[in-house]
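In this note's numbering, the protein residues as written are 17 to 94.
Cβ coordinates follow ideal geometry from the N, Cα and C atoms, glycine included.
Because the structure is a prediction, the values reported are computed rather than measured.
One structure is given here, and the rest of the page talks about it.
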């Protein structure tokens with residue numbers, strides 16, 4: 017296993033890791049769309065997807081699956 021460099025970030029949460037990967041994929045799509053003739057609607061959707069995936073990490077965006085995963089790890093009210 018490679019030792020991380022001092023300026024690298026280590027992501028230990030699997031959900032965050034997946035969200036970063038998806039955000040990266042969406043950002044790549046957005047950048048490719050800027051280099052090709054693409055409608056502004058499609059570019060806006062790519063940008064929205066980047067923000068949604070980053071929002072999943074920061075807590076700005078939640079969905080039932082995320083909430084279910086969080087609450088399945090904790091015993092609340094029992």
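For this session: Return the CA-CA distance between residue 48 and residue 76, expressed in angstroms with no decimal places.
Result: 26 Å
Exercise. If you draw a straight line from the alpha carbon of residue 74 to that of residue 64, how long is it in whole angstroms?
Worked result: 15 Å
Problem set entry | Option nearest residue 66 by Cα separation, candidates 54, 51, 42 and 50 | 42
Exercise. Are residue 30 and residue 70 closer than 7 Å when you measure CB to CB?
Worked result: no
Problem set entry | Beta-carbon proximity of residue 35 to residue 72, cut-off 7 Å | yes
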